[in-house]
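Contents: one structure, followed by commentary.
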Amino acid sequence: MPLRLLKFGLVKSYPESRMFRQRDRLRPTYDAVIIGGGGHGLATAYYLAKDHGINNVAVLERGYLGGGNTGRNTTIIRSNYLTPAGVKFYDQSLRLWQALSETLDLNLFYTNRGHFTLAHTEASLRTLRWRAEVNKHYGIDSEVVDPQTVQAACPHMDLDCGGAPVMGALYHAPGSIARHDAVAWGYGREADRQGVEIHQQTEVTGIRVEGGRVTGVETIRGAIATPKVICAVAGFTPRILDWVGLRSPLKIHPLQAMVSEPMKAWLDPIIVSSSLHVYVSQTARGELVMGASLDPYELHSTRSTLDFAEGLAARMLDLFPFLSQAKVVRQWAGMADMTPDFAPIMGKTDIEGFYLDAGWGTWGFKATPICGKTMAETVARDRNHELIREFSLDRFSKYALVGEKGAASVGH
Amino acid sequence: MTLLTSPLADVLRSRPGTRQELNQMSVLTQVPDPKPAETLGLADLSYLTRFGVKGPQSASWLSAQSIPIPEQPNTWAALPEGGLIARLGRSEFLIEDGPDSQTVPRLAAACNSPPAQVYPVLRQDAAIALCGQATQNLLRQTCSFNFQSLNLTEHPVILTTMVGVTVTVIPQPKSHHPIYRIWCDNTFAPYLWQTLAEITTELGGTIIGTQDFIPYTGQMP
Amino acid sequence: MKIMTCPINGPRPISEFITAGAVKPMPNPQTADDLTWADYVFNHDSVPGVKREWWCHTPSNTWFIAERHTRTDEIVRTYLWEAA
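Sequence order for the protein chains is C, B and G.
All residue numbers for the first sequence refer to this note's numbering, where the first residue is 83 and numbers rise by one.
All residue numbers for the second sequence refer to this note's numbering, where the first residue is 2 and numbers rise by one.
All residue numbers for the third sequence refer to this note's numbering, where the first residue is 1312 and numbers rise by one.
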């Protein structure tokens, strides 16, 4: 690495190639088309090429790479979920994450911080115990700890929390954060190296379905024939499902977040309080990344509100009163596609060749690698991967929901 | 006889001042220095007796008890013997006695076995009053509703939220500055009171007793 | 601050309201088959556009209908159910 760095200082022109090639035109046919150039779509493209040798693939992105929810989340990675299906799935994701910087040969700033979910009531403590037991059963490092342990790991926290004292916490040692943009770039670069084409500024305007089977997609740059379409577009999913006549329970809510000015490193672990509706971590750059609940009503927009910033700031001060003079420097929103059971919708659909990777609501970033892996296999073999079988769209008509709400960071 | 407790009894316990038993409740009637209330005064009027009634026949039943009925929802009227009646919806009413009237005990007795479609509602609200020149300032800090847009001669009743607490507010026009009556659910009362009290102090006002409040009310409750 | 107009209480900040989601007709629970019922319970028309939604002004507990554009957040009009 140091030798590689040296050439940056010695040569006149920038010595690295671009992360991926700019393709000037679309081919008339592809073996598969992925709609959505976010982490999930690019990871799926990467694993399709890498694991299954399918590289005649186009990733179509209406904006720019990683500009959707991949670049709008709070970068928390954890696997302490509530249902067996969820725990197994996110555990595999975490394992992929741990090796991902190596796999993609790109520093993702993946740092293991430890993750505390605070309980301020007996009821939430009870849910945390339940989660700890499910987690332990599946071999996940997860335990309920007392307030003193929390204080020792985070001396700056006011355990009294403005009158709702911390009664305990779920501690998840593998909890980590990563540089979210780099994840999209890394998967994009490696997919590109495998021959996958990435087309930015290429909005899809329709999907061709004949006799219950996908035959192609229409884009603002012309039509493409393809037998397989993977839809990984988060907040835009309902519009695409409408084209192909599929019904879904997805509801789109903005999810906002904000960061503070950079400050000296003082917060090592990731702190989540479901009662206070706060989650926070400190980046390598020193900014506090803060998130809270979804906006309270359906909206297909990424606008920010002052109400959100005020509310989140007030609750941050309950946890960390010394931050009262800290400045907020950025605020943004993503469009979260929420499901009623807080689990994703993945895999095959009633339309042959149309694969769905949706319902990622507020929990999608941490699943990026495993989504790519399982969706790629599902597409390559045209059979739902074992890990995502319970996440299929038809679970709703079968009343077979995967109740994951209790594992959401904050009570949405 | 059991002594009743104001929802604000705990937060008022340590305030110095004169206390008196009124309507079976121990009430802070006078504080040593009520003067800053000319700027901003905050009083606990929870001791005033209150009666709620709802149901399709509640308006006609109240009329039969010789209670004047405000015509529009979200308006109020003064009761002839003192106190007020607020129309909270098409068929829901809140009646509160003044310091000297006895309307509520009479209605409660008459409603012991209520006729069809008349349902008594237990009202254990905290009742708060604000007076002084700085009331608008306090309201702006705690509530998103613009009280200055109101025409007080129409006797409006405002259902809104203050610092996140659902409240019923009645502004009453007085000589210089309107006074504001505020009712809220008793469980939220200490939080609302403490927030209002903090801001009142910041703005140079004070907490006052029920007697201290009388000069600000004129003839009203 | 976003303002919504309650048909009874007038214009108020959006924080005074909650929504119960789209207005949708309920199939007869006695006669509907499982698929129809699941569709009613779970599925949602999420394509952005002007939608009819149930809203409630919480301080006065006034339930009403709002027609709102779910992409621009423009509130087209609000009215009581009876007036519909």
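Glycine included, each C-beta is placed from N, C-alpha and C at the ideal position.
Note that the structure is a prediction, hence the values are computed from the model and not measured.
Check: Taking C/Glu-225 as the reference, give the member of C/Met-249, C/Leu-186, C/His-254 and C/Thr-203 with the closest Cα.; Outcome: C/His-254
Check: Find the residues of chain C that neighbour G/Pro-1359, judging by a C-beta separation of less than 7 Å, and give them in chain order.; Outcome: His-382
Check: Would you verify that the beta carbon of B/Val-168 is, or is not, closer than 8 Å to some beta carbon of chain G?; Outcome: yes
Check: Go ahead and pull the three-state DSSP assignment for B/Gln-220.; Outcome: Unreliable placement is indicated for B/Gln-220, whose pLDDT of 47 sits below 50; the coordinate value is still reported in the next sentence. Three-state result, B/Gln-220: coil.
Check: Given that a residue counts as buried once 16 or more other Cβ atoms are within 10 Å of its Cβ, and exposed if not, what is B/Trp-77?; Outcome: buried
Check: DSSP on C/Val-226, reduced to helix/strand/coil?; Outcome: strand
Check: Can you tell me whether C/Asn-189 is buried or exposed, with buried defined as 16 or more other CB within 10 angstroms of its CB?; Outcome: exposed
Check: If you compare alpha carbons, which of C/Thr-456, C/Asn-162 and C/Pro-451 is closest to C/Leu-178?; Outcome: C/Pro-451
Check: Which residues in the same chain have their Cβ closer than 6 Å to the Cβ of C/Phe-390, if we skip the five residues on either side of it in sequence?; Outcome: Gln-338
Check: Just checking my contact of C/Ala-527 with C/Pro-426 at CB under 8 Å: how many whole Å lie between their CB atoms?; Outcome: With chain C running from 83 to 494 in the structure shown, residue 527 of chain C is simply not present.
Check: Under 8 Å, Cβ to Cβ, is there at least one residue of chain G near B/Pro-67?; Outcome: First, the residue type needs correcting, since residue 67 of chain B is Ser and not Pro in the sequence shown. It does not: the Cβ of B/Ser-67 has no partner Cβ on chain G nearer than 8 Å.
Check: What number of angstroms, rounded off, separates the C-alpha of B/Pro-222 from the C-alpha of B/Pro-191?; Outcome: With a pLDDT of only 40 at B/Pro-222, under 50, the local geometry of the prediction cannot be trusted, and the value read off the model is given with reservation. Taking the straight line from one Cα to the other gives about 23 Å.
Check: Only counting runs of 4 or more residues, tell me where the alpha helix (DSSP H) segments fall wholly within the segment 183–241 of chain C, in order along the chain.; Outcome: 204–219 and 229–235
Check: Taking 8 Å as the threshold (beta carbon to beta carbon), is G/Leu-1346 in contact with chain C?; Outcome: yes
Check: Give me the Cα-Cα distance between G/Arg-1382 and C/Pro-247, rounded to the nearest whole angstrom.; Outcome: 40 Å
Check: DSSP three-state label for B/Val-164, please.; Outcome: coil
Check: Determine which residues of the segment 72–104 of chain B have a Cβ less than 8 Å from any Cβ of chain E, and write them out in chain order.; Outcome: The structure shown contains no chain E; its protein chains are C, B and G.
Check: Residues of chain C with CB closer than 9 Å to the CB of G/Ala-1331, please, in chain order.; Outcome: Chain C residues near G/Ala-1331: none, gap ~10 Å exceeds 9 Å.
Check: Give me whichever residues DSSP pairs with G/Met-1315 in a beta bridge.; Outcome: G/Arg-1323
Check: Is it buried or exposed for C/His-495, if we count other Cβ within 10 angstroms and need 16 for buried?; Outcome: With chain C covering 83 to 494 only, the question about residue 495 of chain C has no answer from this structure.
Check: Of all Cβ atoms in chain G, is any one closer than 8 Å to the Cβ of C/Lys-487?; Outcome: no
Check: Helix, strand or coil for C/Pro-166 per DSSP?; Outcome: helix
Check: Looking at the C-beta of C/Leu-332, does it have a partner C-beta in chain G at a distance below 8 Å?; Outcome: yes
Check: To the nearest angstrom, report how far apart C/Gly-244 and G/Ile-1376 are at their CA atoms.; Outcome: 37 Å
Check: Closer than 8 Å by C-beta to B/Thr-143: which residues in its own chain qualify, once you throw out the five before and the five after it? Chain order, please.; Outcome: Met-163, Val-164, Thr-196, Leu-197 and Ile-200
Check: If you draw a straight line from the C-alpha of C/Gly-119 to the C-alpha of C/Ile-159, how long is it?; Outcome: 20 Å
Check: What are the start and end residues of each continuous beta strand (DSSP E) run of 3 or more residues lying completely inside the segment 415–471 of chain C, in chain order?; Outcome: 427–430 and 436–440
Check: Return the CA-CA distance between B/Trp-194 and C/His-335, expressed in angstroms with no decimal places.; Outcome: 35 Å
Check: Cα-Cα, which of C/Ile-433, C/Ser-161, C/Thr-193 and C/Phe-90 is closest to C/Gly-298?; Outcome: C/Ile-433
Check: Is DSSP giving B/Ala-10 helix, strand or coil here?; Outcome: helix
Check: Where C/Ile-302 and C/Ile-117 are concerned, what is the direct C-alpha to C-alpha distance, given to the nearest angstrom?; Outcome: 13 Å
Check: So, does the CB of G/Asn-1354 fall closer than 8 Å to a CB anywhere in chain C?; Outcome: yes
Check: Tell me whether C/Gly-91 is buried or exposed, calling it buried when 16 or more other Cβ atoms sit within 10 Å of its Cβ.; Outcome: exposed
Check: Between G/Arg-1363 and chain C, is the shortest Cβ-Cβ distance under 8 Å, so that the two count as touching?; Outcome: no
Check: Would you list the residues sitting across from B/Cys-144 in a DSSP beta bridge?; Outcome: B/Met-163
Check: Can you tell me the Cα-Cα spacing of C/Val-286 and C/Pro-378, whole angstroms?; Outcome: 29 Å
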